[in-house]
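In what follows, a single structure is set out as structure tokens and then discussed.
This is how it looks when you write it as structure tokens:
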């Protein structure tokens, strides 16, 4: 991931809305599903009950391109946009940055809360993380 994404993290929102605005999230979902699309195609993918103007989508997609989320390509008079990162690459990048940011406050506290959360959500993950930690510990001692 060579281009640095620009985003703000809001822990009080849910899911992708923690790092993307509502329309940005919707645009990314369309592009991850459909691939490269024009503004018209993006707008057509939204449900008909949404009242979003063509110019609003143009403005937001252009801002997303400046943030490093989208590539922009001109074909004739139309611009086509596609995600720079697929969904998994994006989640990986965001997760890494959030963990790094939270760890700056208190690494120990961040890890304790992470493990507590994993134990509640999926207790089997504790075993996975235990093995991962042991694997990292062994590879560190070999080097």
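Residue numbers (our numbering): 148 to 290. A virtual CB, placed ideally from N, CA and C, is assigned to each residue, including glycine. Everything numeric in this text was worked out from a predicted model, so none of it was measured.
- Annotation for residue 172: 163 and 164 place their beta carbon closer than 7 Å to its own, counting only its chain and skipping 5 residues before and after.
- In the DSSP assignment, residue 220 falls outside any alpha helix (DSSP H) and lies within the beta strand (DSSP E) extending over 217–222.
- Between the alpha carbons of residue 208 and residue 277 lies a distance of about 42 Å.
- In this structure the stretch 215–228 touches the stretch 178–198; the number of beta carbon pairs closer than 8 Å is three or more.
- Between the alpha carbons of residue 159 and residue 223 lies a distance of about 42 Å.
- When DSSP states are grouped into helix, strand and coil, residue 200 belongs to the coil group.
- An exposed status is given to residue 252, since fewer than 16 other beta-carbon atoms sit within 10 Å of its beta-carbon.
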